[in-house]
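Encoded as structure tokens, the structure appears first; notes follow it.
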Amino acid sequence: MIWMLWLTAVLCVIYYIVIIVYSGLTTSFSLIWLFFAVICMGLAAGWEAYIKHKDKVPLWLPVSVVTMCCTGVLVFALVEILVFTGVAARDTSNLDYVIVLGARVKDTGISKSLKKRLDKAVEYADKNPGTILVLSGAKGEDEPVAEAVAMRDYLVYNGVREEQLILETRSYSTVENIAYSRVAIEEDQARKKAHRQNGPDIIIPGAFEEVPDKPIRVGVLTSDFHVFRAEQIAEKWGIPDIYGISCGSDPVLFIHFCVRECAAILKDKLVGNM
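What the sequence shown shows, in numbering that gives the first Met the number 0, is residues 0 to 273, in sequence order.
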């Protein structure tokens, strides 16, 4: 047990270095791997001390520590099970709108995560030319342009018609992505309805009945680990029947993204975003 804790601590430090070197992710959350390393080293040292001085340590202390650790691992496992098995496979073809969630834009170009999302969006737009893509993402302090603008440029360059795109450039988080994209969709629906009402009158003999607008079908396209949270937030913020469309994620950063997503899900659930 002790050697496993020391090994885990070393692996956490190595993975932190890999994250920094591989992707340049210097965000505060990447430091969590150093935090995990310190926790593992502390547990290993504490376990060794407990074995040497077992008679002097009250039983409640090791029991409490083990319970807390097991609870943390269990919560993480349950959240990840929800993330990857809680999203039912559905037919996502011919949706009215698909919200494409933004990701980091670097000075050198779009990030690998964003490229994977956009490549999936290109594929979807090619198969569903009638679907409107809502590109969602503002300009962060360390980004050269708004994420939505960079997304539009990439999609247009790769053959997606610009009239098939709506830009949403006000959002800085997943919650804002969904909320502002919903506003953009409602505005687009209002424009289309006004255009229909202002169009040429068609006179049909006899009585007629106005057909109510059919419910629109909205999807959200994002990385595989992110779909569950995006769907839950969408349902909370007024898009009850949301269709999740997932793309692959970076295999090197996959574990990091899963840990970050678990923390984000717990936070959003706690503050009422989902």
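Every residue, glycine too, gets a C-beta built ideally from N, C-alpha and C.
> Expressed to the nearest angstrom, what Euclidean distance is found between the alpha-carbon atoms of Ile31 and Ile18?
Replying inline: 12 Å
> Where does Glu122 land, buried or exposed, given buried means 16+ other C-beta within 10 angstroms?
Replying inline: exposed
>> For a minimum of 4 consecutive residues, which ranges assigned as the alpha helix (DSSP H) are wholly contained in the stretch 147-200?
In response: 173-196
>> Rounded to the nearest angstrom, what separates Thr221 and Trp46 at their Cα positions?
In response: In this model, Thr221 and Trp46 are separated by some 42 Å (Cα to Cα).
> Near Ala8, what residues of its chain come up, given a Cβ to Cβ distance below 6 Å and the 5 sequence neighbours on each side ignored?
Replying inline: Excluding positions up to five away in sequence, the list reads Ala36, Cys39 and Met40.
>> For a test of the three-state rule: what should DSSP assign to Lys55, helix, strand or coil?
In response: helix
>> Rounding to the nearest angstrom, what Cα-Cα distance links Leu4 and Asn93 in this structure?
In response: A direct Cα-Cα distance of roughly 50 Å separates Leu4 from Asn93.
> So the beta strand (DSSP E) Val133 belongs to, where does it begin and stop?
Replying inline: Ile131 to Ser135
>> Quick test of the definition: if touching needs 3 or more C-beta pairs under 8 Å, does the stretch 232-250 touch the stretch 110-130?
In response: yes
> DSSP state of Gly71, grouped into three classes?
Replying inline: helix
>> Count Cβ pairs between the stretch 227-237 and the stretch 252-264 that sit closer than 8 Å; are there 3 or more?
In response: yes
>> So for Val97, helix, strand or coil by DSSP?
In response: strand
> Taking just the CA atoms, how far does Trp59 sit from Gln231?
Replying inline: For Gln231 and Trp59, the distance between alpha carbons rounds to 39 Å.
>> Between the alpha carbons of Ser180 and Val62, how many angstroms are there, rounded?
In response: Distance between the alpha carbons of Ser180 and Val62: 48 Å.
>> Using C-beta distances below 6 Å, list every residue in its chain close to Ala130, excluding the 5 sequence neighbours before and after it, in chain order.
In response: Sequence check: residue 130 is Thr here, not Ala. Exclusion of the five residues before and after Thr130 leaves Leu94 and Val97 as the residues of its chain whose Cβ lies within less than 6 Å of its Cβ.
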